[in-house]
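Undergrad:
4 protein chains.
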Amino acid sequence: MVKVAIIGATGYTGLELIRLAENHPYLNISLITSRDKAGKSLKEVFNWSGKYANLIFKEPVIEKITNEVELAFLCVPSGEAQQFAYAFLKKGIKVIDFSADFRFKNVQVYETTYNLKHAYPELCEEAVYGLTEIFREEIKKADLVANPGCYPTSVLLPLIPLIKNELIEKEPIIIDSKSGTSGAGRKSENYYSFCEVNEDFKAYKIAAHRHTPEIEEKLSLFAGKKIKSVFTPHLLPLNRGIFSTIYVKFKTKIEEIHKFLKEFYKESPFIEVVPLGEIPRIAEVKGTNLCKIGIFEDKKREWGIIVSVIDNLIKGASGQAIQNFNLMFGFPEDTGLPKTPLFV
Amino acid sequence: MVKVAIIGATGYTGLELIRLAENHPYLNISLITSRDKAGKSLKEVFNWSGKYANLIFKEPVIEKITNEVELAFLCVPSGEAQQFAYAFLKKGIKVIDFSADFRFKNVQVYETTYNLKHAYPELCEEAVYGLTEIFREEIKKADLVANPGCYPTSVLLPLIPLIKNELIEKEPIIIDSKSGTSGAGRKSENYYSFCEVNEDFKAYKIAAHRHTPEIEEKLSLFAGKKIKSVFTPHLLPLNRGIFSTIYVKFKTKIEEIHKFLKEFYKESPFIEVVPLGEIPRIAEVKGTNLCKIGIFEDKKREWGIIVSVIDNLIKGASGQAIQNFNLMFGFPEDTGLPKTPLFV
Amino acid sequence: MVKVAIIGATGYTGLELIRLAENHPYLNISLITSRDKAGKSLKEVFNWSGKYANLIFKEPVIEKITNEVELAFLCVPSGEAQQFAYAFLKKGIKVIDFSADFRFKNVQVYETTYNLKHAYPELCEEAVYGLTEIFREEIKKADLVANPGCYPTSVLLPLIPLIKNELIEKEPIIIDSKSGTSGAGRKSENYYSFCEVNEDFKAYKIAAHRHTPEIEEKLSLFAGKKIKSVFTPHLLPLNRGIFSTIYVKFKTKIEEIHKFLKEFYKESPFIEVVPLGEIPRIAEVKGTNLCKIGIFEDKKREWGIIVSVIDNLIKGASGQAIQNFNLMFGFPEDTGLPKTPLFV
Amino acid sequence: MVKVAIIGATGYTGLELIRLAENHPYLNISLITSRDKAGKSLKEVFNWSGKYANLIFKEPVIEKITNEVELAFLCVPSGEAQQFAYAFLKKGIKVIDFSADFRFKNVQVYETTYNLKHAYPELCEEAVYGLTEIFREEIKKADLVANPGCYPTSVLLPLIPLIKNELIEKEPIIIDSKSGTSGAGRKSENYYSFCEVNEDFKAYKIAAHRHTPEIEEKLSLFAGKKIKSVFTPHLLPLNRGIFSTIYVKFKTKIEEIHKFLKEFYKESPFIEVVPLGEIPRIAEVKGTNLCKIGIFEDKKREWGIIVSVIDNLIKGASGQAIQNFNLMFGFPEDTGLPKTPLFV
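Chains as they are written, first to last, in the numbering used here: chain P, 14 to 357; chain H, 14 to 357; chain Z, 14 to 357; chain Y, 14 to 357.
Structural data, given as structure tokens:
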């Protein structure tokens, strides 16, 4: 049993982490924190019924961090996570950070994108980007893992192997992504109220979303040159799921691309490259840690189309974090993580 | 053309009033007010495209009320509406009030229920309860109409004729109502956020909703004795519509009750008593000023079941207000009001 | 490991059974059948990704039943299940039947309600009604369990203890239930198409639903007299969940009723009687085997109101079936069954 | 008053036509047909409450076509519409056809795309493509109007003026469209059942949708060369609305493009080019005949992004048909057509 802490456990990703952890045989949540809810139990705040119902939220006090846990999941905002990460690491406690604080190797891009100062740029160097299937070996040895953004997870899983192996052109890369509303977090704004989201569909932050530089830095790393990708996020009137439709130029036959990607991920229990002709859908990954990928081609128009779907709260956040936890502590990668969706 | 004002026009009922008014041949909105949005146009605030797009929100200043309008629709909270009503009436301007301020004849019940003091109890006496089909003649002559609550509208339209004519027992009356989320108004609370309402269903204010005393006062008036009714509201994961399932005891055969109610409403263009055996549904009234009523019986168990459906924003609010406006100014009752639903 | 068969595994309850079984440490599905899909795997038909992805659907041939399984879950229509049950039992194989075939002790009521002839009335006598918390001891020893209907589960769990112990009056009992659309099964009818259900809400089979006699037989059993209950089902525009609002007359103080029920279910891991004043909601049980019960009172109007929520596919079907399986094979009752909902 | 017929009036577009026609001062529906429902009224089949409630469906018998109407709206499948169009035109009756039968000038492309033989290729020559704002003058004089597909409407309205005036490159053109479920018509397939669409999102017919050749033929016409466009349709879990995100290369500054398009459509009452920086959304056009267009740029990545939203049943079908009707009979273009959305 590995004891862990969740710092900032009242948001959707923190709660999803607890929910998933209840099925994990070796992960034991011994500390959860919340500024607002300190002193109350999960039962009291969320009518929790599962295993951790009586766990009490504590104040998140950096000074009081002790060695009682072996790893901390940080579910606090970017900018704030840095301080916790530093403090935990100093105590010899491993960290998986859900914020953007350690996702960038180029600290300046982070600072510009998030309009924040980074207090520990040297930790960015040390941090491993937690896209499990791509950085598996590094994650096994990491003390600090930067859990990827939800959109980047859906986009990078199909693109990195293809771009690295020069099966697609380095540009153009056009990413049209659609996300369920839980991706925005637990909100109290009219913009996210039921009546304003239901029966509506909208794009947001066109050409200006913070996940674009994250996607570009990681693609560039594997392309060996600076990659530019157009990225448009949209808000779906449903709770969970990301669907990314990606337009690229194939450098070879679709059959080869499909075969290569299938081969590339054949040892990855959560990545499914679906048969040619089949289209993955959000319903097939909802509630799972899966990423399903479909490869298509518009032959006449000479474009490749890649479809990638995930559950934004699981593979796009808390599930991938547990997958990384498994690697960091030597457990089988898929320990405690669901593969069968709530098809309905 | 009758010039009107809408005081507090940025909520869902105010906007619905403007939307419906755009199809009304004799109603001209010449003033809309908003504290937050004063100085901006409907276009600027709501990307409005229709006829009133360039209408500018003004500050709602009671002192500046002039005779430039013949009627004011008050879409401000209970407690606040009183002041506006008094000021408009003093200037000789008619008032249709959406709040609860003038719905009660028993001012004490109002004060207890809404935890507010009433500054103009004498106006309560004068006010006509705007349940159009029931108080039609009084409304024609009224200067102050208290537009009914959305739930009471759905409940009273079937019950008042039946109770008055002693076709149902005076008790028990059990009302199980379900409302779309727009009934809660334009909200910025997590409780009403998309993720918290979507794929959920919940009851609220069980045995404690403010519409219970409103329903009871009106039923009592027609029953000639104090009526008690159990009322449970629920929140539906959809935008528009109220569905009330009402359990009563029939005093006569269902065929007679059905025939009586059909006859009672035969001159009412918006009330449809559906054929025996048919069940009305929200989709059939969405976007209309209709109230559809179905009469059922559990013979073996000796209970009558009455189903009533309306669009909460139209017959339950802004549509009924226009219907009342039509009567107050001598226009045909159904002028400008839709009867064909957005079936999809 | 107990080997089981699922007869008729392509409907929502069959698939939910497989999904839940994937987390069960002692339940091994070794046979699934389907007329339409025989010869194909779960992967091929449903893009299944979990543990049983490669399991192949077989033809359901009664004559070929062998002893290779210890229990069969029957997910076939009422009328058809009888034959399978008889055949399995004859081979010494235990049966949990999802249909209505063995739910009634009074075979005539079954035959009238379902308009079917019963070929094995003597098996009805032997069958145990699978409402786990109420018939726990009988289920442990049963060979044939009749899994309850989804609506009856939500209704009987709060009512049976109260009626048996004379804490509520034997009548009136008014049940206003609302169910998610998965309760109708996997449908290809326009009535259940997305556009016809979304943004709509409707009642159906008013005073004529087949679950009414099921509810009444079980209540009567515990009341010691014939109970009549009015039951109105409604269709919710969401996938999973049943919310039952039940109107009764309390015979004692609400505090005593609440205390009694809490005490009654204190050893039942899936029944939660929530604190007085709290209202359970579908979101809190979605994806779990929980039944949450709230007790309310309209003091002034002298009615008790009981709210009961379940996930219709889990506690209302496949989860309760596994709970019964656990009892029948001596495993802890909550083995493999989820308690933490997908809160979002 | 112009008398019209609707051939095939029981689908969503036929019904929407009747609904919209009820608000039209000069359009009088005197004939509606249906194979299945002949002999029954709108009231009987759809519980219709509006003006046309008592209109009776007739058998659609080509031989019996008389001159009692001046125009026929054809809402029958591609392939079948041809016969009706020919017969009506021969009688001197104008035709607006909702099918694809007359959308193509290149009959061979039609025959390949729809896998149908065209019986009246000469009529294709004569037919005017009913994209109102683009073919306004031709429509005024037309006897046969081919109402555009819903997706092409959303795509061509922004692209044609830009491509014709060489403000965007002729390629690449990448169209990522998302449609509400009513776009699929009134369905009885499990694929379109509530449980299979709700909480899901999926692409379909990737690189193979029939609207691609329609889009390409019209773009090519204005580009003066053969245009290729990649088109990916997706299914949204909502009833109404199309949202198209289009990726192109700008040939000039975004400000000029924006200004040009705004100018181009300044006399078009239903086209709104929204201010730079604003993003149109489906909620703003739901229930209206509007098309809202937003222009964006990813400067760093050198791509233009165009967003276009419509209500698929109105501007994408029945509303545009009425707009064309208005032109064909000399009424103001916006007669009877809504501009204010059901914002909620």
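No residue lacks a Cβ here, since even glycine has one placed at the ideal position from N, Cα and C.
Look up H247 of chain H in the DSSP assignment and say whether it is helix, strand or coil.
TA: Your numbering for residue 247 of chain H matches position 234 in the second sequence. Strand, per DSSP.
Undergrad: Starting from A100 of chain H, trace the alpha helix (DSSP H) both ways and give me its first and last residue.
TA: Mapped onto the second sequence, residue 100 of chain H falls at position 87. Where A100 of chain H is concerned, the enclosing alpha helix (DSSP H) stretches over A94 to K103.
Undergrad: State yes or no: is the beta carbon of Y25 of chain H nearer than 8 angstroms to at least one beta carbon in chain Y?
TA: Here the question's residue 25 of chain H lines up with position 12 in the second sequence. Yes, because at least one Cβ of chain Y sits closer than 8 angstroms to the Cβ of Y25 of chain H.
Undergrad: Is the distance from the Cβ of V158 of chain Z to the Cβ of V82 of chain Z below 8 angstroms?
TA: The count along the third sequence starts at 1 and reaches residue 158 of chain Z at position 145. The count along the third sequence starts at 1 and reaches residue 82 of chain Z at position 69. Going by C-beta atoms, V158 of chain Z is not nearer than 8 angstroms to V82 of chain Z.
Undergrad: Could you give the residue range of the alpha helix (DSSP H) that holds G24 of chain Z?
TA: Residue numbering aside, residue 24 of chain Z sits at position 11 when the third sequence is read from its first letter. Element bounds for G24 of chain Z: n/a, residue is neither H nor E.
Undergrad: Just to confirm my understanding: we take H131 of chain H, look at its own chain, exclude 5 residues before and 5 after, and list those with CB closer than 8 angstroms. What are they?
TA: Position 118 of the second sequence holds residue 131 of chain H. The residues are Q95, D114, V120, Y123, E124 and C137.
Undergrad: Label M341 of chain Z either buried or exposed according to how many other C-beta atoms from any shown protein chain fall within 10 Å of its C-beta, with 16 as the threshold for buried.
TA: As a working mapping, residue 341 of chain Z is identified with position 328 in the third sequence. The residue in question, M341 of chain Z, is buried, as its Cβ has 16 or more Cβ neighbours within 10 Å.
Undergrad: Return the Cβ separation of E212 of chain Z and E212 of chain P in integer angstroms, given the expectation that the two are a contact with Cβ distance under 8 angstroms.
TA: Translated into the one-based positions of the third sequence, residue 212 of chain Z becomes position 199. Translated into the one-based positions of the first sequence, residue 212 of chain P becomes position 199. 7 angstroms between Cβ atoms; contact.
Undergrad: Please tell me whether T194 of chain P and F207 of chain H are closer than 8 angstroms, where the distance is taken between their beta carbons.
TA: Walking along the first sequence from the start, residue 194 of chain P turns up at place 181. Walking along the second sequence from the start, residue 207 of chain H turns up at place 194. Result yes, Cβ atoms of T194 of chain P and F207 of chain H sit closer than 8 angstroms.
Undergrad: Could you list which residues in chain P have their beta carbon closer than 9 angstroms to that of N252 of chain Z, in chain order?
TA: Here the question's residue 252 of chain Z lines up with position 239 in the third sequence. The answer, in chain order, is L355 and V357.
Undergrad: Is the distance from the Cβ of I292 of chain Z to the Cβ of I308 of chain Z below 8 angstroms?
TA: Your numbering for residue 292 of chain Z matches position 279 in the third sequence. Your numbering for residue 308 of chain Z matches position 295 in the third sequence. Cβ distance not < 8 angstroms, so I292 of chain Z and I308 of chain Z don't count as in contact.
Undergrad: Can the beta-carbon of D189 of chain P be found closer than 8 angstroms to that of T225 of chain Y?
TA: In the first sequence, the residue the question calls residue 189 of chain P occupies position 176. In the fourth sequence, the residue the question calls residue 225 of chain Y occupies position 212. No; because the gap between Cβ atoms is not below 8 angstroms, this pair is not in contact.
Undergrad: According to the neighbour-count rule (16 or more other Cβ atoms, all chains shown, within 10 Å of its Cβ), is T79 of chain P buried or exposed?
TA: On the first sequence, position 66 is the one that residue 79 of chain P refers to. With fewer than 16 Cβ atoms within 10 Å of its Cβ, T79 of chain P is classed as exposed.
Undergrad: Tell me, to the nearest whole angstrom, how far the beta carbon of F214 of chain Z is from that of G254 of chain H; I am working on the premise that it is less than 8 angstroms.
TA: Numbered from 1 along the third sequence, position 201 holds the residue referred to as residue 214 of chain Z. Numbered from 1 along the second sequence, position 241 holds the residue referred to as residue 254 of chain H. Going by Cβ atoms, the distance from F214 of chain Z to G254 of chain H rounds to 6 angstroms, so yes, they are a contact pair.
Undergrad: 8 angstroms is my cut-off, CB to CB: does E310 of chain H come that close to chain Z?
TA: Along the second sequence, one-based indexing puts residue 310 of chain H at 297. Answer yes: the Cβ-Cβ gap between E310 of chain H and chain Z drops below 8 angstroms somewhere.
Undergrad: Count the other C-beta atoms from every protein chain shown that fall within 10 angstroms of the C-beta of A221 of chain Y, then say buried if there are 16 or more, exposed otherwise.
TA: Indexing the fourth sequence from 1 puts residue 221 of chain Y at position 208. Result: exposed.
Undergrad: Cα separation between I295 of chain Y and T245 of chain P?
TA: The residue you call residue 295 of chain Y lines up with position 282 of the fourth sequence. The residue you call residue 245 of chain P lines up with position 232 of the first sequence. The alpha-carbon atoms of I295 of chain Y and T245 of chain P are separated by roughly 16 angstroms.
Undergrad: Taking 8 angstroms as the CB-CB limit, is E202 of chain Y close to chain Z?
TA: Position 189 of the fourth sequence, counting from 1, holds the residue named residue 202 of chain Y. Yes, E202 of chain Y counts as interfacial toward chain Z.
Undergrad: Measure from the C-beta of D156 of chain H to each C-beta in chain Z and report whether the shortest distance is under 8 angstroms.
TA: Residue numbering aside, residue 156 of chain H sits at position 143 when the second sequence is read from its first letter. So, not an interface residue.
Undergrad: Please work out which residues of its chain come closer than 7 angstroms, Cβ to Cβ, to P354 of chain H, disregarding the five sequence neighbours upstream and downstream, and give them in chain order.
TA: Numbered from its first residue, the second sequence carries residue 354 of chain H at position 341. Excluding residues within five positions, the ones whose Cβ falls inside 7 angstroms are A296, E297, V298, K299, G300 and T301.
Undergrad: Is F59 of chain H near F356 of chain Y, with beta carbons less than 8 angstroms apart?
TA: The count along the second sequence starts at 1 and reaches residue 59 of chain H at position 46. The count along the fourth sequence starts at 1 and reaches residue 356 of chain Y at position 343. Cβ distance < 8 angstroms, so F59 of chain H and F356 of chain Y count as in contact.
Undergrad: Quick one: residues in its chain with C-beta nearer than 7 angstroms to the C-beta of G27 of chain Z, no 5 flanking neighbours on either side, listed in chain order?
TA: For the purposes of this step, residue 27 of chain Z is taken as the residue at position 14 of the third sequence. Hits under 7 angstroms: I19, G21 and C88.
Undergrad: Compute the Euclidean distance between the alpha carbons of S331 of chain Z and E310 of chain H, then round it to the nearest angstrom.
TA: Locating residue 331 of chain Z in the third sequence gives position 318, counting from the first residue. Locating residue 310 of chain H in the second sequence gives position 297, counting from the first residue. One C-alpha to the other measures close to 33 angstroms.
Undergrad: Between N36 of chain P and the rest of its own chain, which residues show a CB-CB distance below 6 angstroms, the 5 nearest in sequence each way excluded?
TA: Along the first sequence, one-based indexing puts residue 36 of chain P at 23. So the qualifying residues of the chain are G349.
Undergrad: Alpha carbon to alpha carbon, how far is K200 of chain H from A216 of chain Z? Give it in angstroms, no decimals.
TA: Against the third sequence, residue 216 of chain Z aligns to sequence position 203. Against the second sequence, residue 200 of chain H aligns to sequence position 187. Distance between the alpha carbons of A216 of chain Z and K200 of chain H: 28 angstroms.
Undergrad: So what's F235 of chain Y in DSSP terms, helix, strand or just coil?
TA: The count along the fourth sequence starts at 1 and reaches residue 235 of chain Y at position 222. Reduced to three states, the DSSP call for F235 of chain Y is helix.
Undergrad: Within 10 Å of its beta-carbon, does K238 of chain H have 16 or more other beta-carbons around it, so buried, or fewer, so exposed?
TA: Against the second sequence, residue 238 of chain H aligns to sequence position 225. Counting Cβ neighbours within 10 Å, K238 of chain H comes out exposed, since fewer than 16 surround it.
Undergrad: Could you list which residues in chain Z have their beta carbon closer than 7 angstroms to that of T194 of chain Y, in chain order?
TA: Counting from one through the fourth sequence, the residue named residue 194 of chain Y turns up at place 181. F207 and C208, listed in chain order.
Undergrad: Any beta-carbon of chain P closer than 8 angstroms to the one on N60 of chain H?
TA: Position 47 of the second sequence, counted from the start, is the residue given in the question as residue 60 of chain H. N60 of chain H does not count as touching chain P.
Undergrad: What's the C-alpha gap between G196 of chain P and V261 of chain Y?
TA: To locate residue 196 of chain P, count along the first sequence from 1; it is residue 183. To locate residue 261 of chain Y, count along the fourth sequence from 1; it is residue 248. Cα-Cα distance, rounded: 28 angstroms.
Undergrad: Any beta carbon of chain H sitting closer than 8 angstroms to that of N211 of chain P?
TA: By 1-based counting over the first sequence, the position of residue 211 of chain P is 198. True, the Cβ-Cβ gap to chain H drops below 8 angstroms.
Undergrad: Rounded to whole angstroms, what's the CA-CA distance from L170 of chain Y to Y164 of chain Y? Just pull it up for me.
TA: Taking the first residue of the fourth sequence as 1, we reach residue 170 of chain Y at position 157. Taking the first residue of the fourth sequence as 1, we reach residue 164 of chain Y at position 151. Roughly 10 angstroms separates the two Cα atoms.
Undergrad: Sort H:P351, H:P73 and H:K312 by Cα distance to L326 of chain H and report the nearest one.
TA: As a first step, residue 326 of chain H must be located in the second sequence, where it is residue number 313. When each option's Cα is compared against that of L326 of chain H, the closest is H:P351.
Undergrad: Determine the chain Z residues that contact R199 of chain Y at a beta-carbon separation under 7 angstroms, and present them in chain order.
TA: Here residue 199 of chain Y is taken as the residue at index 186 of the fourth sequence, counted from 1. Here the neighbours are N203.
Undergrad: Which of the three DSSP states, helix, strand or coil, is assigned to V210 of chain Y?
TA: For the purposes of this step, residue 210 of chain Y is taken as residue 197 along the fourth sequence, with counting starting at 1. Helix.
Undergrad: How far does the alpha helix (DSSP H) with K191 of chain H in it extend, from its first residue to its last?
TA: Translated into the one-based positions of the second sequence, residue 191 of chain H becomes position 178. Segment I187 to S192 is the beta strand (DSSP E) holding K191 of chain H; no alpha helix (DSSP H) there.
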